[in-house]
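Since the structure comes first, as structure tokens, the remarks are kept for the end.
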Amino acid sequence: SDAHLLITENIDVWTTAIKKRSSQGRGSNKKIELTGIKKLRELILELAVRGKLVPQDPNDEPASILLEKIAAEKELLIKDKKIKKAKALPEIGKDEKPFLLPDGWEWERLEPISLKITDGEHLSPKKIDSGIKLLSAKHVLDTGVTLYDPQYVSSEDAEKFRLRCDPIIDDVLICSRGTIGRCCVVNITEYFCLMGSVILFRSPIEISSQYINYYLKSPLGLSSINGMTKGMAVNALYLKDIKSAPIPIPPVAEQHRITAKVDKLMALCDQLEQQTEDSITAHQTLVETLLATLSNSETPAEFNQNWTRIAEHFDTLFTTEHSIDQ
């Protein structure tokens with residue numbers, strides 16, 4: 021059907037791609053390839069947060085129970101004055117749910133599944149030559165926190181700033197200025213403080229911060245954030261908006277399956293990007309894995325939708341005899 025047409029109509033694209041590869045060696049067309057890989061990363065994240073990357077397990081405890089547990093846990097923390105009671109947010113309306121979730125998943129706003137959402141210091145603090153590192157949006161990279169070229173503040177000031185915003189390992193940091201929406205999971209144990217250009221999200225133990233990070237990096241998460249910053253006089257992401265951002269929540273066990281699978285596929289994309297010997301195997305595994313997601317489709321319409329998503333990445337995925345056979 022559609023798939024067959026797509027293959028036959030594009031066969032010359034494929035065969036020339038293969039010939040070009042074999043005659044000129046890998047990497048001769050690097051620029052095209054790298055944008056292709058960037059798009060491929062987006063596809064992987066898009067499939068992940070829609071519940072298409074790993075199969076659902078009906079034995080997993082559903083996310084609805086998980087959300088009840090988090091609410092009860094937060095009630096206790098409020099009672100013990102460990103966290104402040106947040107303003108109630110409106111229920112998520114139909115127009116805020118861009119697609120139907122798999123069984124066992126739930127839509128929830130970011131604030132109810134957080135132990136803390138705050139941002140760094142807003143007033144420009146007194147800088148000194150050495151002391152406690154003060155980081156800003158430029159230190160939040162996709163891969164993690166960088167300590168390169170920080171400013172410094174006194175330990176007294178740092179202590180004061182950290183009463184409000186105290187980054188620790190596994191927190192998610194989100195740029196609210198500069199490259200808005202760029203985010204990472206804190207991967208260093210060093211004591212540092214943050215400027216107001218960074219938002220900090222801390223999840224309860226039952227929510228994978230890596231899943232949140234991947235959601236925010238996905239086309240879905242990014243378009244949600246872009247929607248929040250439109251029409252502002254200064255392009256910025258505000259705390260009140262990020263708190264009410266709706267997010268698809270899978271069961272706990274599935275969150276971990278998703279992040280493990282995404283980690284693995286991103287590593288394969290790294291290998292493709294580095295044009296190493298391993299990249300041939302990486303390409304094969306990516307093609308096989310992404311085509312396998314089609315078998316998770318429950319209806320012909322869903323199959324076509326999933327196939328269309330994969331087919332958009334034709335010239336990156338289907339460039340070898342192995343991939344065409346698949």
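Heads up, the sequence shown is in the working numbering, so the first residue is 21 and it goes up one at a time. Think of the CB as a built atom: it goes at the ideal place given N, C-alpha and C, for glycine as much as any other residue.
Task: C-beta contact flag for A302 and Q295 at 8 Å - done: no
Open item on the list: Just to confirm the assignment: which complete alpha helix (DSSP H) runs, minimum length 4, are found wholly within the region 189-245?
Closed with: Complete alpha helix (DSSP H) runs here, min 4: 229-237.
TODO: Could you say if the region 68-88 and the region 331-342 meet the contact criterion of at least three C-beta pairs nearer than 8 Å?
DONE: no
TODO: Just confirm the distance between the C-beta atoms of C289 and L60, as a whole number of angstroms; I'd bet it's less than 8 Å.
DONE: Between L60 and C289 the Cβ distance is about 6 Å, and since that is below 8 Å, they are a contact.
- [ ] Measure how close the beta-carbons of I137 and L242 come, nearest whole angstrom, since I'm counting them as under 8 Å.
- [x] Between L242 and I137 the Cβ distance is about 18 Å, and since that is not below 8 Å, they are no contact.
TODO: Could you tell me which of R329, H342, A83, I344 sits nearest to E62, measuring between CA atoms?
DONE: Nearest option by C-alpha distance: R329.
Open item on the list: Short of 7 Å in beta carbon distance, which residues of its chain neighbour G216, apart from the five on each side in sequence? Order them along the chain.
Closed with: Excluding residues within five positions, the ones whose Cβ falls inside 7 Å are D139, G140, E141, H142.
Task: Cβ contact (3+ pairs, closer than 8 Å) linking the region 157-168 and the region 117-132 - done: no
Task: Residue span of the alpha helix (DSSP H) that contains E176, given as start and end - done: 175-184
Task: Proximal residues to K146 (C-beta, below 8 Å), its chain only, five neighbours per side dropped - done: Closer than 8 Å at Cβ, skipping near neighbours: V173, S174, D177.
Task: Burial state of K99 (16 or more Cβ within 10 Å) - done: A residue is called buried once 16 or more other Cβ atoms fall within 10 Å of its Cβ, and K99, having fewer, is exposed.
Task: Distance, L314 Cα to F323 Cα - done: Between the alpha carbons of F323 and L314 lies a distance of about 6 Å.
Open item on the list: I need the straight-line Cα distance from F334 to P270, nearest angstrom please.
Closed with: Rounded to whole angstroms, F334 and P270 show a C-alpha spacing of 29 Å.
Task: Neighbourhood of R46 by C-beta, 6 Å cutoff - its chain only, sequence neighbours within 5 removed - done: Bear in mind that the predicted position of R46 carries a pLDDT of just 48, short of 50, making it unreliable; the figure below should be weighed with that in mind. Within the same chain, R46 has close Cβ partners Q295.
Task: Sequence-distant residues of the same chain with beta carbon closer than 7 Å to N326, five excluded per side - done: K72, T313, L314, S317
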